[in-house]
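Step one of this worksheet: look at the structure below.
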Amino acid sequence: MNPSFSKLPISFSIDKLQKELAICETHLWTPHFNTNRYEGNWTSVSLRSQSGLTNDITSFANKAYKNTDLLDRCPYFKEIMDWFQCEKEAVRLLRLGPQSEIKEHVDNDTSYEDGFFRIHIPIITNSEVFFYVDKKRVPMKMGDCWYANFQLPHSVENKSTEPRIHLTLDCIRNDWSDKLFTEMGFDLEYSKEKVQYSEDVKQQIIAELSRNLSEVNAKIIADLLAE
């Protein structure tokens, strides 16, 4: 099985990240729409969204995305985006307030095996932030660059007195990323196989799909129940 999370072989300037964060701080942070998933304060600002607006923080697969006006004022964030030589969907700043928690959940179709990868780059964090994927703590530090399989159960606790802020990029897998992930130790042949889920993970996926029931989601649920 491929790693549930992995640190990419690149890091970014903490000083430049935080200077551009200061530019974005002048914009209103939009509360995350999944209110049942968190306690406290979880907000976001978009650098790339479906509508091109900074307060559009939704992220849906196979949709058209465009840069927001805010990105024009953030050349270092744009430089980071350009480092990833692949198509990008949503690009956002995610802010988890002090003493706040993102409850354990799963995000469907968000693993490298699904042709998608979400990148987290911590801009502000500390040792009292606990980020878990598949029950294991991810040791994220400022300026690091991390991939995680968010198809697996994941959660975040900010037990500190300051916000935790990450730059996140939703990327589409391609030949360039395949080369990168191979160098990181991923087995791309495994990616082509059907992923087997534990019963707990399967039930969480079904619960997430049931919240937005469609013909496609209903078929996925039926396939999961038939396993």
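For the sequence shown, our numbering begins at 206 and goes up steadily by one. Positions of the beta carbon are idealized from the N, C-alpha and C atoms, including for glycine.
Check, Outcome
"Taking buried to mean at least 16 other C-beta atoms within 10 Å of its own C-beta, is Q290 buried or exposed?", "exposed"
"For S218, I'd like the list of residues in its chain whose CB is within less than 8 angstroms of its CB, leaving aside the five on either flank, ordered along the chain.", "Y281 and G348"
"What are the residues that DSSP puts in a beta bridge with T235?", "S249"
"Can you tell which of S211, I329, K268 and Q304 has the C-alpha that lies nearest to the C-alpha of L226?", "I329"
"Check for me: the beta strand (DSSP E) holding T305 runs from which residue to which?", "With the sequence shown as reference, residue 305 is identified as Ser, and Thr is not the correct amino acid for it. Residues S305 to H310."
"Alpha carbons only, please: which of F336, N379 and Q255 is nearest the one belonging to A269?", "Q255"
"Keeping to the same chain, check which residues put their C-beta closer than 6 angstroms to that of K221; ignore five residues upstream and five downstream.", "Y281"
"I need the straight-line Cα distance from Y337 to K271, nearest angstrom please.", "30 angstroms"
"For D383, tell me which candidate among E394, L374, D375 and T373 has the shortest Cα-Cα distance.", "E394"
"Taking DSSP as the reference, what is the three-state secondary structure of N272?", "strand"
"Are the region 362-373 and the region 290-309 touching by the rule of at least three beta carbon pairs closer than 8 angstroms?", "yes"
"Starting from Y281, follow the alpha helix (DSSP H) in both directions and report where the run begins and ends.", "P280 to W288"
"Taking G189 and R242 to be in contact with their CB atoms under 8 angstroms, please state how far apart those CB atoms are, rounded to whole angstroms.", "The question about residue 189 has no answer, for the chain in this structure spans 206 to 432."
"Grouping DSSP H, G and I as helix and E and B as strand, with all else coil, what is V296?", "strand"
"Helix, strand or coil, according to DSSP, for G365 in the structure here?", "Before going further, note that residue 365 is Ser rather than Gly in the sequence given. Residue state, collapsed to three classes: coil."
"So, at 8 angstroms on beta carbons, what are the nonlocal neighbours of T263 in its own chain, with the 5 sequence-adjacent residues on each side left out?", "F238, S254, Q255 and A295"
"On the DSSP bridge list, what partners appear for L385?", "None; L385 has no bridge partner."
"Does the Cβ of L233 have 16 or more other Cβ atoms within 10 Å, making it buried, or fewer, making it exposed?", "exposed"
"In the DSSP assignment, find the unbroken beta strand (DSSP E) run with S211 in it and report its ends.", "F210 to K212"
"Going along the chain, which residues of its own chain have a beta-carbon closer than 7 angstroms to the beta-carbon of K283, five neighbours each way excluded?", "L276"
"Counting C-beta neighbours from all protein chains within 10 Å, is the total for P236 16 or more, i.e. buried, or is it exposed?", "exposed"
"Establish whether the CB of S360 and some CB of chain B are separated by less than 8 angstroms.", "Included in the structure is just one protein chain, with no chain B present."
"Can you grab the Cα-Cα spacing for the pair E404 / A423, in whole Å?", "18 angstroms"
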